[in-house]
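The sequence shown begins at 201 in this note's numbering and counts up by one. Built from N, CA and C at the ideal position, the CB exists for glycine as well. Just below is one structure, and these are the notes that go with it.
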Amino acid sequence: MIGRRDIASKGLASLAAIVVVCALSAACSSGDGGPAAKGGSASQSPSASKTASQAAVLSPELLEGVLPRGINMPLDLGERAVNAWDMSDPSICQSEEWRDDWCAKAVAVGRGGYTDLESQEVVVRLISFDEPAAAKALFAGEGTADEVGQNPPGDEIDGYEATAPAEGWAGSGFNVRQGAVVVKVEYAWAEGREVPDRLMDITRMVVERVRQTQSGHNPTASMR
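This is the structure in structure tokens:
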């Protein structure tokens with residue numbers, strides 16, 4: 201878990217001195233005598249000054265927030281585990297079934313598991329890069345309308361047949377790129393059991409959670 205940094209507050213005397221100096225300086229003014237009047241640009245908050253590609257970079261903490269919790273999944277699919285990691289140990293990325301060349305350029309990876317402990321299992325894997333161009337260079341989705349339907353989520357998408365987690369099970373999945381993040385969603389089910397096909401619905405939710413986070417918002421997309 202990534203802890204929060206404690207921020208030390210300044211004393212009242214120092215704050216008062218700063219206010220006095222600022223009041224006497226034209227550089228602190230937002231009026232006609234401010235930086236804009238001298239040909240400079242007004243200061244921006246860190247979030248406002250980020251470029252679109254910078255805003256799309258998801259740290260391990262943000263990537264973990266993207267992963268759905270049990271409360272976001274269908275009622276009969278409970279949360280099994282949700283984790284995200286930085287790249288201080290690249291072997292974790294490799295163990296999450298990402299290719300070596302992907303792991304070499306990744307910023308963070310994440311994984312969420314969900315199951316009803318009987319007939320359905322969902323695994324969501326995420327990998328984040330430092331810019332959309334890096335993700336695009338590694339993944340070029342070629343999913344057709346027959347494979348992924350009309351208006352699929354994300355910038356690029358591919359469907360595939362997933363490896364069954366156990367004998368008597370079947371599975372399928374989607375790979376989706378949303379900006380600088382690639383999402384892999386695998387849905388497995390016990391053959392012969394009546395289970396709903398939720399693969400696309402879950403994929404849409406996860407991709408929307410990525411998009412929300414990349415836009416600086418809380419990831420709130422849910423299937424409930």
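Assignment of E386 by DSSP, reduced to helix, strand and coil, places it in the strand class. In the assembly as shown, A304 is an exposed residue. Its beta-carbon has fewer than 16 other beta-carbons within 10 Å. Comparing alpha-carbon positions, the option among A333, G341, V324, S291 lying closest to A281 turns out to be V324. Taken through DSSP and simplified to helix, strand or coil, E356 comes out as strand. The region 298–352 is shown to contain whole alpha helix (DSSP H) runs of 4 or more residues at 300–305, 332–338, 345–348, in chain order. A straight line joining the alpha-carbon of P419 with that of R269 spans about 11 Å. By alpha-carbon distance to Q320, the top candidate from S422, E386, T413 is E386. Per DSSP, reduced to three states, the secondary structure at V410 is helical. CA-CA distance, Y314 to E279, rounds to 5 Å. Leaving aside the five residues that flank P365 on each side, the residues in its chain whose CB is nearer than 8 Å to its CB run, in chain order, E321, G371, A388. Taking the CA atoms as reference points, L326 sits about 6 Å from V382.
Comparing alpha-carbon positions, the option among Q412, E394, E391, E367 lying closest to G354 turns out to be Q412.
Distance check between N272 and each of M405, V410, G341 places M405 closest, using alpha-carbon atoms only. A Cβ-Cβ contact shorter than 8 Å links A306 with F329. Here R311 really is in contact with E296; their C-beta atoms are around 6 Å apart, less than 8 Å. The Cβ-Cβ distance between N375 and G341 falls below 8 Å. Less than 8 Å separates the beta-carbon of D300 from that of Q294.
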